[in-house]
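Enquirer:
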Amino acid sequence: MFYLETARVLRTCSYFSPSTIIVSIYNLVHHMLLYCEEKDMKKQILCFIVLLCATFCFSQTQIDSVKIKTYLDDVVKAYHIPGMAFYITTPSETLLEKTYGQCSSFDQQFFIGSESKSFTALCIMQLVESGKLNLDDDITKYVDGYSFSQTVTVQDLLNQTSGFGTHMKLSNVKAKRSYKRHEYANVNYDLLGKIIEAVSGKSYAQYVNENIFTPLGMTLSSADSQSVKGSEHLLKGNRNWFGFFIPSDADYPKESSWFHEPAGFIATTAYDHQKYLRMYLNNGRTEDGSSIISKEAIQVMWYNNVPIDKENSAYYGMGWNYMNYKDTDIIFHGGQVENYITYMFILPQKNLAVSFMINGNDEFGMNALMDKVFWNLLSLLFNQEAKPVQPFAYALRHILLDILYFAMLSLSVLTFIAALTKKKVRGGIAKTICLNILSYILWPTLLLTFTRVFFSTPLWVVKSYVPDLFFVIVLSVVITLTGGIIKVIRFAFLDKAQ
Numbered sequence: 079m080f081y082l083e084t085a086r087v088l089r090t091c092s093y094f095s096p097s098t099i100i101v102s103i104y105n106l107v108h109h110m111l112l113y114c115e116e117k118d119m120k121k122q123i124l125c126f127i128v129l130l131c132a133t134f135c136f137s138q139t140q141i142d143s144v145k146i147k148t149y150l151d152d153v154v155k156a157y158h159i160p161g162m163a164f165y166i167t168t169p170s171e172t173l174l175e176k177t178y179g180q181c182s183s184f185d186q187q188f189f190i191g192s193e194s195k196s197f198t199a200l201c202i203m204q205l206v207e208s209g210k211l212n213l214d215d216d217i218t219k220y221v222d223g224y225s226f227s228q229t230v231t232v233q234d235l236l237n238q239t240s241g242f243g244t245h246m247k248l249s250n251v252k253a254k255r256s257y258k259r260h261e262y263a264n265v266n267y268d269l270l271g272k273i274i275e276a277v278s279g280k281s282y283a284q285y286v287n288e289n290i291f292t293p294l295g296m297t298l299s300s301a302d303s304q305s306v307k308g309s310e311h312l313l314k315g316n317r318n319w320f321g322f323f324i325p326s327d328a329d330y331p332k333e334s335s336w337f338h339e340p341a342g343f344i345a346t347t348a349y350d351h352q353k354y355l356r357m358y359l360n361n362g363r364t365e366d367g368s369s370i371i372s373k374e375a376i377q378v379m380w381y382n383n384v385p386i387d388k389e390n391s392a393y394y395g396m397g398w399n400y401m402n403y404k405d406t407d408i409i410f411h412g413g414q415v416e417n418y419i420t421y422m423f424i425l426p427q428k429n430l431a432v433s434f435m436i437n438g439n440d441e442f443g444m445n446a447l448m449d450k451v452f453w454n455l456l457s458l459l460f461n462q463e464a465k466p467v468q469p470f471a472y473a474l475r476h477i478l479l480d481i482l483y484f485a486m487l488s489l490s491v492l493t494f495i496a497a498l499t500k501k502k503v504r505g506g507i508a509k510t511i512c513l514n515i516l517s518y519i520l521w522p523t524l525l526l527t528f529t530r531v532f533f534s535t536p537l538w539v540v541k542s543y544v545p546d547l548f549f550v551i552v553l554s555v556v557i558t559l560t561g562g563i564i565k566v567i568r569f570a571f572l573d574k575a576q
């Protein structure tokens, strides 16, 4: 009995809060005293050593569940999060789980966006371990219809060093100057999905279901987004319009889409997702001990990586990012589709995994603020203070954005009004022509191109992820061009006749 109690306390000390540990140590001491009454001096020395070990465990960093819950309560309220599922897990049990807002159950499905890449990388490593492909293989060995000027390997796709551009699709993929340097591109993992299908002889959805979901017991997870559409388990997503979340369906992938399930459209629940992250904490094994992947393969996925910035502060492995925080490895990845965002991270040395899933997407507002939440959660997990949640940060961001949107529309309306009024411009015909070119040609051109020029984001991406900005751009361009047409008609017919 004493040995069982000792094992339980040592396990408890690894994860739980001080109050829980105090109770456990009290029980241990009680059993120890009973044990020592019956045994000789050697056993008493053994008891002392065990108590010392338990005291040492107590001194280690523990998570403060109350403080984390309080912080998240403030975040959800201040950042107007529509619904969220959050959990912290160890290899064997959940330390903290909570739902917020529109999310009322851990059995509700979310699209997890680019977190799907880790599933795809896991599938590739399974095939490598079974000897069916090699990381150094040229990808054209497995996918037909593609040819590139340089050799692109399976490893290149996994590390995103293929040279393929961020917004390329399967229909126009080609290597750029970033070849052999990291450039994040969904098409890399869509191609890996095709390799999985070619090597296994199964569809991507079937392979993931048979080799990951089923062994892990992830019964409400799917790698076929169309099968989830309309499901009673799918939590309705939201897009942000001018600071307000509006219920909206995802843009389910089509053949011509920017990305598909292997790169970003797996659906799962928080309950299933815990099983997935626990598998990594258990060195690739399921709850019943069967193997999904070897510990060595997981190490390759995490640490066979490339730098993603000039400072070498973060790295990209195989479906996972890596960084070092306070001499502790942080393995992490985020994800988003048009109406969901997710984040997951693993602390291997602490045997902890953390995840949050949100049924809303707000690129310039909530999403940017949730990046700060990630860092604050790390601080709390290291028993440090989190920075206070700014209650007006969300509102301030959207007020500034709405002012910008209003200014864009106002300028376009002014050009339209100018086209309706006959007013001579001082400075002669040259100045008049310059003003007309500026108002009716350069201004709408700037509106249509500034997201690509200044933010490297084409307008078709803005349409899905920042719909209010897209709406303002299109409306402003229509108003301006209408004014320009009126101006041309007036100049060509009315003014000429006069």
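Oh and the sequence shown: position 396 is 474 in our numbering, straight run, nothing missing.
For glycine and all other residues, C-beta sits at the position ideal for the given N, C-alpha and C.
No experiment lies behind these values; they were computed from the predicted model shown.
Is there contact here, the stretch 339-356 with the stretch 185-200, by at least three beta-carbon pairs under 8 Å?
Expert: By the C-beta criterion, the stretch 339-356 is judged to be in contact with the stretch 185-200, since at least 3 inter-stretch pairs fall below 8 Å.
Enquirer: Go through its chain and collect everything with a Cβ distance to residue 441's Cβ below 6 Å, but skip five positions before and after it.
Expert: 543, 544
Enquirer: Is it buried or exposed for residue 201, if we count other Cβ within 10 angstroms and need 16 for buried?
Expert: Counting other Cβ atoms within 10 Å of its Cβ, residue 201 reaches 16 or more and is therefore classed as buried.
Enquirer: Among 443, 460, 386, 142, whose alpha-carbon lies nearest the alpha-carbon of residue 478?
Expert: 443
Enquirer: Taking 7 Å as the limit between beta carbons, can you name the residues of its chain near residue 369, skipping five residues before and five after?
Expert: 362, 363
Enquirer: Quickly, what does DSSP pair residue 433 with across the bridge? List them, please.
Expert: DSSP, once it has assigned bridges, lists 165, 422 as partnering residue 433.
Enquirer: To the nearest angstrom, how far is the alpha carbon of residue 466 from that of residue 455?
Expert: Between residue 466 and residue 455, the C-alpha separation is close to 12 Å.
Enquirer: Quick check: the Cα distance between residue 312 and residue 560, rounded to an integer number of angstroms?
Expert: 43 Å
Enquirer: Considering residue 356, what are the terminal residues of the alpha helix (DSSP H) in which it resides?
Expert: 348-359
Enquirer: Under the rule that 16 or more other beta-carbon atoms within 10 Å means buried, what is residue 160, buried or exposed?
Expert: Buried.
Enquirer: So does the stretch 226-242 actually touch the stretch 381-400, counting three or more Cβ pairs closer than 8 Å?
Expert: yes
Enquirer: Ordered along the chain, which non-local residues of its own chain (more than five positions away) have a Cβ less than 8 Å from that of residue 331?
Expert: 303, 337, 338, 339, 343
Enquirer: Quick check on residue 383: does DSSP put it in helix, strand or coil?
Expert: coil
Enquirer: Please list, in chain order, all residues of the same chain as residue 179 whose beta carbon is under 7 Å from its beta carbon, the five residues on each side excluded.
Expert: 154, 159, 160, 161, 162
Enquirer: Give me, in chain order, the residues of the same chain whose beta-carbon lies closer than 8 Å to that of residue 323; leave out the 5 immediate sequence neighbours on both sides.
Expert: 158, 160, 316, 317, 438, 440
Enquirer: Buried or exposed: where does residue 228 fall if 16 or more other Cβ atoms within 10 Å of its Cβ makes it buried?
Expert: exposed
Enquirer: Could you work out which residue in 184, 510, 525, 463 is closest to residue 148 when comparing CA atoms only?
Expert: 463
Enquirer: Would you decide whether residue 558 is buried or exposed? Buried here means 16 or more other CB atoms lie within 10 Å of its CB.
Expert: It is buried - the Cβ of residue 558 has at least 16 other Cβ atoms within 10 Å.
Enquirer: On a Cα-Cα basis, can you pick out the residue from 373, 176, 414 that is closest to residue 207?
Expert: 373
Enquirer: I want to know whether the stretch 406-413 touches the stretch 284-295 - three or more CB-CB distances under 8 Å.
Expert: no
Enquirer: Indicate the three-state DSSP secondary structure (helix, strand or coil) for residue 187 in the structure shown.
Expert: Strand at residue 187.
Enquirer: For residue 356, count neighbouring C-beta atoms within 10 Å of its own C-beta (all shown protein chains included) and say buried if the count is 16 or more, exposed if not.
Expert: buried
Enquirer: So what's residue 99 in DSSP terms, helix, strand or just coil?
Expert: In this predicted model, residue 99 has a pLDDT of only 49, less than 50, meaning its place in the structure is not dependable enough to derive any value.
Enquirer: Between the C-alpha atoms of residue 534 and residue 426, what's the straight-line distance to the nearest angstrom?
Expert: 35 Å
Enquirer: Where residue 401 and residue 383 are concerned, what is the direct C-alpha to C-alpha distance, given to the nearest angstrom?
Expert: The straight-line gap separating the alpha-carbon atoms of residue 401 and residue 383 is approximately 11 Å.
Enquirer: With distances taken from CA atoms, which of 346, 345, 378 is nearest residue 358?
Expert: Considering only alpha carbons, the answer is 378.
Enquirer: Please say whether residue 173 and residue 164 have beta carbons closer to each other than 8 Å?
Expert: Not closer than 8 Å, so no.
Enquirer: How many angstroms separate the CA atom of residue 375 from the CA atom of residue 435?
Expert: 27 Å
Enquirer: Under three-state DSSP, which class holds residue 389?
Expert: coil
Enquirer: Count the other C-beta atoms from every protein chain shown that fall within 10 angstroms of the C-beta of residue 521, then say buried if there are 16 or more, exposed otherwise.
Expert: buried
Enquirer: Considering only their Cβ atoms, is the gap separating residue 476 from residue 320 smaller than 8 Å?
Expert: yes
Enquirer: Starting from residue 498, trace the alpha helix (DSSP H) both ways and give me its first and last residue.
Expert: Annotation: the continuous alpha helix (DSSP H) that includes residue 498 extends over 471-498.
Enquirer: With burial defined as no fewer than 16 other Cβ atoms inside 10 Å of the residue's Cβ, what is the status of residue 133: buried or exposed?
Expert: Residue placement at residue 133 cannot be trusted, given a pLDDT of 46 that sits under 50; the coordinates are not used to answer.
Enquirer: Measuring alpha carbon to alpha carbon, tell me which of 419, 490, 209, 235 ends up nearest residue 218.
Expert: 235
Enquirer: Considering only residues of the same chain and omitting the five flanking positions on each side of residue 562, which have a CB-CB separation below 6 Å?
Expert: 518
Enquirer: Can you say whether residue 485 is buried or exposed, counting buried as having 16 or more other CB atoms within 10 angstroms of its CB?
Expert: exposed
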